[in-house]
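Visitor:
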Amino acid sequence: MCSLVSAVCEGTETFERVTGVLLHSATQIPLYSSQGAVTTQCTSRCRASTACPSFLVDYDRGACFRLDLTSEGRTHLLVPARGHTAYFEKVCLQAPACGKAWVFERVLGRELAGLDDLVLEEITSRRTCEEYCLLNHQLPCRSAEFVASQRLCRLSSSSRRTAPNALRPALDTEYLENQCVPHVSSTGCDWEKRPERQMTYRDLQVSATSRERCQRACETTSSFPCRSFTFSAATSRCWLSSEDTASAGPSALVPTRGALYSQRTPCHDLELLCSADRMTLRLRTAAPFTGRIFSLDAPSTCDVRGTGQLTTEATFIYHDRRCGVVRESVGSFTALVAVQHHSTIQKREDSAIKLLCSYEATEQTVSNGITLLTDRIDGGLVTSSVNGTAPTPIVSLHVRDRAGAEVTGTALGEPLYLSLEMQDNSIFGMFPRNLVARSGRSGESIVLLDERGCPTDESIVERFRPEDGSGSRVVAPFEVFKFYDDPVVRFQVTVQFCLERCRPRILHEAAPLQREIVVGGASERQLDEPRVSEPGLRDGRAADLLCARREAVIAGIAAAVFLQAVMLVVCCSCVYWRRRSKLRETLPSTSTLSSSRQRLGPADAERPATLRTLRSLTRRH
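To convert, note that position 87 of the sequence shown is 87 in UniProt numbering; the numbers rise steadily by one, no gaps.
1) From Leu281 to Leu108, what distance separates their C-alpha atoms?
2) Secondary structure at Cys92, three-state DSSP: helix, strand or coil?
3) Would you report the Cα separation of Gly406 and Cys454, rounded to the nearest angstrom?
4) What are the boundary residues of the beta strand (DSSP E) that includes Thr43?
5) Sorted by chain position, which residues of the same chain lie with C-beta nearer than 6 Å to Asp297's C-beta, five sequence neighbours on each side aside?
6) Alpha carbons only, please: which of Phe229, Asp269 and Glu271 is nearest the one belonging to Ala259?
7) Could you spell out the range, first to last residue, of the beta strand (DSSP E) harbouring Glu421?
8) Quick one: grab the DSSP three-state call for Ala148.
9) Is Thr344 closer than 8 Å to Glu444 when the C-beta atoms are compared?
10) Helix or strand or just coil, what does DSSP make of His76?
11) Of the residues Thr12, Thr220, Gln496 and Tyr32, which one's Cα is nearest the Cα of Gly429?
12) With 16 as the cutoff for other CB atoms within 10 Å, does Met422 come out buried or exposed?
13) CB-CB under 6 Å to Cys46, same chain, minus the five flanking residues each way: which ones, in chain order?
14) What are the boundary residues of the alpha helix (DSSP H) that includes Thr70?
15) Taking only runs of the beta strand (DSSP E) that begin and end inside the segment 100-186, which ones reach a length of at least 3 residues, in chain order?
16) Counting beta carbon pairs with one atom in the segment 55-69 and one in the segment 84-95, are three or more of them shorter than 8 Å?
17) Under a three-way DSSP split, which group does Thr245 fall into?
18) For Val254, which three-state DSSP category applies?
19) To the nearest angstrom, how far is it from the Cα of Asp350 to the Cα of Asp190?
20) Closer than 7 Å by C-beta to Arg202: which residues in its own chain qualify, once you throw out the five before and the five after it? Chain order, please.
21) Can you give me the Cβ contacts of Pro255 inside the same chain, cut-off strictly under 7 Å, excluding the 5 residues immediately before and after it?
22) Would you say the segment 118-134 touches the segment 149-157, given that touching needs at least three Cβ pairs under 8 Å?
23) Judging by CA-CA distance, which residue of Cys92, Val21 and Leu22 is the nearest neighbour of Thr14?
24) Looking only at C-alpha atoms, which of Asp277, Ser251, Val337 and Asp320 sits nearest to Leu283?
25) For the beta strand (DSSP E) that Thr285 lies in, which residues bound it at each end?
26) What does a CB cutoff of less than 7 Å around Ile29 pick up in its chain, not counting 5 residues either side in sequence?
27) To the nearest angstrom, how far is the alpha carbon of Arg194 from that of Pro266?
28) Round the Cβ separation of Gln340 and Arg292 to the nearest angstrom and send it over; I've been treating them as touching at under 8 Å.
29) In the DSSP assignment, find the unbroken alpha helix (DSSP H) run with Thr220 in it and report its ends.
30) My assumption, with CB atoms under 8 Å, is that Thr301 sits in contact with Ala252. Please give the rounded CB distance.
31) Please report the straight-line C-alpha distance between residue 642 and Ile394, rounded to a whole angstrom.
32) Determine the direct distance from the alpha carbon of Ile557 to that of Ser596, and round the result to whole angstroms.
33) If you measure between the beta carbons of Lys100 and Cys180, is that distance less than 8 Å?
34) Around the C-beta of residue 689, are 16 or more other C-beta atoms found within 10 angstroms, so that it is buried, or is it exposed?
35) Ordered along the chain, which non-local residues of its own chain (more than five positions away) have a Cβ less than 7 Å from that of Cys98?
36) Drop a sphere of 10 angstroms on the beta-carbon of His342, count the other beta-carbons inside from all chains shown, and report buried for 16 or more, exposed for fewer.
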């Protein structure tokens, strides 16, 4: 049935893309290979073949493979891949689509929390949800979410790129990003550059004699939404990619001598209003803004915090020295401000903006301009010191780079790893949780891992995972950030020790570890003495490791209670019929017993149906 997709499609035949996975149990048949990028060639070849329902691109090998299965009805077969891969599935949509090689990108187990614009009920398939997104004219449908268990389709004008902090884990939910929606048009778009880096997910290779020509190729390609590119001056090669660090993660960038990686920064829809005694910056966002707009010269005394609106304004009075407004010349006022998307911390994608209001006294005209200073919010060197011990065994907290070396200097936004390491191989296992980052000066803090060890925001830091089979080292990838008023960032984490591997509810000891990172300086500070673990953590009653929403957990508990109630009713019914049967066996009349058997017959026939219902409920829950 999968191989007949092309033959029976009477709508739009296209592809879905799922990055970082492979289809387990599918037979891989070589489709195409090359020294350069292979994605566009692979989509063309699979589209032309009726025997190609899906294919897998292996970016590390520069090859793709035709598969004999799809994930339709087998979503559980999509498992994380060890290398850099992308799974493409051929779909037939009864809706007009653009000319992109693939129309939707799927992300399993994710949702945009709180950004639903339209909720559709009784939607039985993911394809139908995608069709509604393409056909909807009430809003620009940038993304959709399909919840199979509830038959829900949620449409949104936001996406993981316009609202990266809203992407959250969600059980039984598939996030679907529409690739046909054009980029947000604004004056605040720019390109972030990272020298000596290359994106592993390379979808198209072209020739270019300069970085500017490579950028132009990325901006004008129509095959797919180009979000990043890598340029090599030595070879005059330009690699275009549909991925960036926001979707593929920092680990998708690999060190490459002579390469220059560039990706789009978040686009800002900005407007500057100049009046007689003040300037007002107006920021429009596709998703509710909960970050900060503040003066770079006075971040703690002159700032505006977002209240979840789509339009946010920040006003700077010329003669208020607290806000750092500078009179550069007669009739010209400037200010340096920052747009920070997170409410507490700065990240690499945040931007610094130069505001300029100029006045010509002779004609009383007002003009304005905005200049992006993409390197203004860029940390300097990062150095760190460690002061963390645990009774038994001895554990230390480190910050390491991709090669595993201790970090001695880095910049804001660099991909690093928090590493918890045992001094020696031990029978104990580790379970980190309650990870908190604190400012070294103001005491401001942000929770990165909760009580269960689950990330509160995976765009800041990911979950700790064992790096080797021994369990003596667990690592969590993150990008360097800092607090707005202080270059010092202190990490504190509680580590649970378990006999052998850590499992829920078998935890014995807890010890807090601290680590300090200085962003923008080379000084070191002595840490406070580690605090003792909380008393409630020693009794072994830790929360489960399942990172799920509260609503999903409540629904699971309700389902379990309902199932137990059904089983209780069935058991009571069985006891009742058994006692009634024994009572009638003691009666002397044969005709009465025969009549009793006739009356018991329909009830006996009902019991298998009841048991079938119970088995169905058991499988369902």
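Quick reminder that beta carbons are idealized off the backbone N, C-alpha and C, glycines included.
Guide: The answer reads as follows:
1) Numbered from 1 along the sequence shown, position 281 holds the residue referred to as residue 281. Numbered from 1 along the sequence shown, position 108 holds the residue referred to as residue 108. The alpha-carbon atoms of Leu281 and Leu108 are separated by roughly 38 Å.
2) Looking up residue 92 in the sequence shown gives position 92. Residue state, collapsed to three classes: strand.
3) Mapped onto the sequence shown, residue 406 falls at position 406. Mapped onto the sequence shown, residue 454 falls at position 454. For the record, residue 406 in the displayed sequence is Glu; it is not Gly. Their Cα atoms are separated by approximately 25 Å.
4) For the purposes of this step, residue 43 is identified with residue 43 of the sequence shown, where counting begins at 1. Taken as a continuous stretch (DSSP letters only), Thr43 belongs to no beta strand (DSSP E), being part of the alpha helix (DSSP H) at Thr39 to Arg47.
5) Sequence index remark: in the sequence shown, residue 297 carries index 297 (1-based). Closer than 6 Å at the Cβ level, and outside the excluded window around Asp297, lie Gly324.
6) The residue labelled residue 259 in the question sits at position 259 within the sequence shown. Checking every option, the nearest Cα to that of Ala259 belongs to Phe229.
7) Start at 1 with the first residue of the sequence shown, and residue 421 comes out as number 421. Pro415 to Met422 is the extent of the beta strand (DSSP E) around Glu421.
8) Counting from 1 along the sequence shown, the entry for residue 148 is found at position 148. Ala148 falls in the helix class under three-state DSSP.
9) The count along the sequence shown starts at 1 and reaches residue 444 at position 444. The count along the sequence shown starts at 1 and reaches residue 344 at position 344. Cβ distance < 8 Å, so Glu444 and Thr344 count as in contact.
10) For the purposes of this step, residue 76 is taken as residue 76 along the sequence shown, with counting starting at 1. Of the three classes helix, strand and coil, the one that applies to His76 here is helix, per DSSP.
11) Mapped onto the sequence shown, residue 429 falls at position 429. With distances taken between Cα atoms, Gly429 lies closest to Gln496.
12) Translated into the one-based positions of the sequence shown, residue 422 becomes position 422. Buried, since its Cβ has 16 or more Cβ neighbours within 10 Å.
13) Residue numbering aside, residue 46 sits at position 46 when the sequence shown is read from its first letter. Cβ neighbours of Cys46 beyond the five flanking positions: Cys52 and Phe55.
14) The residue given as residue 70 occupies position 70 in the sequence shown. Note, Thr70: premise wrong, no alpha helix (DSSP H); not H, not E.
15) 104-112, 118-121, 143-147, 152-156 and 167-178
16) yes
17) Locating residue 245 in the sequence shown gives position 245, counting from the first residue. Residue state, collapsed to three classes: helix.
18) Numbered from its first residue, the sequence shown carries residue 254 at position 254. In this structure, Val254 counts as strand in the three-state DSSP scheme.
19) Against the sequence shown, residue 350 aligns to sequence position 350. Against the sequence shown, residue 190 aligns to sequence position 190. Cα to Cα, Asp350 sits roughly 11 Å from Asp190.
20) The residue labelled residue 202 in the question sits at position 202 within the sequence shown. Ala37, Tyr59, Trp239 and Ser241, listed in sequence order.
21) To locate residue 255, count along the sequence shown from 1; it is residue 255. Result list for Pro255: Glu196 and Arg197, in chain order.
22) yes
23) The residue given as residue 14 occupies position 14 in the sequence shown. For Thr14, the nearest C-alpha among the options comes from Cys92.
24) Stepping through the sequence shown from its first residue, residue 283 is reached at position 283. It is Val337.
25) The sequence position of residue 285 within the sequence shown is 285, counting from 1. Thr285 -> beta strand (DSSP E) spans Arg278 to Phe289.
26) Counting from one through the sequence shown, the residue named residue 29 turns up at place 29. Closer than 7 Å at the Cβ level, and outside the excluded window around Ile29, lie Phe65 and Arg66.
27) Residue mapping note: residue 194 aligns to position 194 of the sequence shown, counting from 1. Residue mapping note: residue 266 aligns to position 266 of the sequence shown, counting from 1. Distance between the alpha carbons of Arg194 and Pro266 is about 16 Å.
28) The sequence position of residue 340 within the sequence shown is 340, counting from 1. The sequence position of residue 292 within the sequence shown is 292, counting from 1. So it is a contact: roughly 5 Å between Cβ atoms.
29) Residue 220 sits at position 220 when you count from the first residue of the sequence shown. Unbroken alpha helix (DSSP H) run through Thr220: Arg211 to Thr220.
30) What you label residue 301 is simply residue 301 of the sequence shown in a count that begins at 1. What you label residue 252 is simply residue 252 of the sequence shown in a count that begins at 1. 39 Å between Cβ atoms; not a contact.
31) This structure does not reach residue 642, given that the chain is present from 1 up to 621, and the question cannot be answered.
32) As a position in the sequence shown, residue 596 is number 596, starting the count at 1. As a position in the sequence shown, residue 557 is number 557, starting the count at 1. In this prediction, Ser596 scores a pLDDT of 33, lower than 50, which makes its location untrustworthy; the coordinate-derived value is nonetheless stated afterwards. Looking at the two C-alpha atoms, the distance is approximately 42 Å.
33) Mapped onto the sequence shown, residue 100 falls at position 100. Mapped onto the sequence shown, residue 180 falls at position 180. Yes, the pair counts as a contact, with Cβ atoms nearer than the cut-off.
34) Given that the chain is displayed from residue 1 to residue 621, the structure contains no residue 689 and the question cannot be resolved.
35) As a working note, residue 98 is residue 98 in the sequence shown. Once the five neighbours on either side are set aside, the close Cβ partners of Cys98 are Cys180.
36) Here the question's residue 342 lines up with position 342 in the sequence shown. It is buried - the Cβ of His342 has at least 16 other Cβ atoms within 10 Å.
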